[in-house]
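In the working numbering, the protein residues as written are 44 to 156. C-beta atoms are modelled at their ideal positions from N, C-alpha and C, and glycine is treated no differently. Written out below as structure tokens is the structure these notes cover.
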Amino acid sequence: MCSVGYSHEMTPTYLTTKPSVADSVHETVITIFNRRDDVEYYELSVFDSNWKRAPFAALERVFQVKYLHKKNVTIYFRERDLSIITYVCTTSKLLKDKRTTVVASRICSKVKQ
44 MCSVGYSHEM TPTYLTTKPS VADSVHETVI TIFNRRDDVE YYELSVFDSN WKRAPFAALE
104 RVFQVKYLHK KNVTIYFRER DLSIITYVCT TSKLLKDKRT TVVASRICSK VKQ
């Protein structure tokens, strides 16, 4: 049995944060490129080094990226949380009515400390 797998792309691979315009808040920007014609929505998540969810803010935690389009997403972190944040991930969100897709893709970038 043979199959082809497609995933979305997320850059950069290693994220850096910079101070935001708000006091004690840092930000980073990721770019998502959707190479999957069967998926249009992605969920943003942030984890610590033990893969436990870490606090963050973004305008949208679930966002739409149409096939062969890209989107820039800004993520905000409190300065006091920077020491625990290790990974920023995006996961494809599968629609219930689309039965042809059986695999969700998750891409993670590591945050430089």
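C-beta neighbour in chain D for residue i, strict 9 Å
| i | result |
| --- | --- |
| ILE127 | Looking at the structure shown, chain D is missing, and only one protein chain is on hand. |
Status (buried if at least 16 other CB within 10 Å, exposed otherwise) for residue i
| i | result |
| --- | --- |
| LEU87 | buried |
| ILE75 | buried |
| THR56 | exposed |
| HIS112 | exposed |
Residue i versus residue j: straight-line alpha-carbon distance, rounded
| i | j | result |
| --- | --- | --- |
| ILE150 | SER63 | 25 Å |
| THR144 | PRO98 | For THR144, the predicted model reports a pLDDT of 47, less than 50, meaning its position is unreliable; a value from the coordinates is still stated below. Rounded to whole angstroms, THR144 to PRO98 spans 30 Å at the Cα level. |
| ALA147 | TYR110 | 15 Å |
| THR133 | ARG123 | 23 Å |
| LEU138 | THR60 | 33 Å |
| ASP66 | ARG121 | 9 Å |
| ASN93 | GLN107 | 28 Å |
| ASP80 | LYS95 | 30 Å |
| SER135 | ASN115 | 16 Å |
| GLU160 | GLU52 | The question about residue 160 has no answer here: the residues shown for the chain are numbered 44 through 156. |
| ILE128 | VAL68 | 13 Å |
| LEU125 | ALA100 | 13 Å |
Bridge partner(s) assigned by DSSP for residue i
| i | result |
| --- | --- |
| LEU138 | For LEU138, which the question treats as bridged, DSSP gives no partner whatsoever. |
| PHE106 | TYR85 |
| LYS131 | Note that residue 131 is Val in the sequence shown here, rather than Lys. DSSP, once it has assigned bridges, lists VAL89, SER152 as partnering VAL131. |
| PRO62 | HIS69 |
| ALA100 | TYR119 |
Unbroken beta strand (DSSP E) run spanning residue i, endpoints
| i | result |
| --- | --- |
| ARG194 | As displayed, the chain neither begins before 44 nor continues past 156, which places residue 194 out of reach and without an answer. |
| SER152 | 149-154 |
| VAL72 | 68-76 |
| THR54 | 52-54 |
Distance between beta carbons of residue j and residue i, contact taken as under 8 Å
| i | j | result |
| --- | --- | --- |
| VAL154 | VAL131 | 6 Å |
| THR71 | ILE118 | 5 Å |
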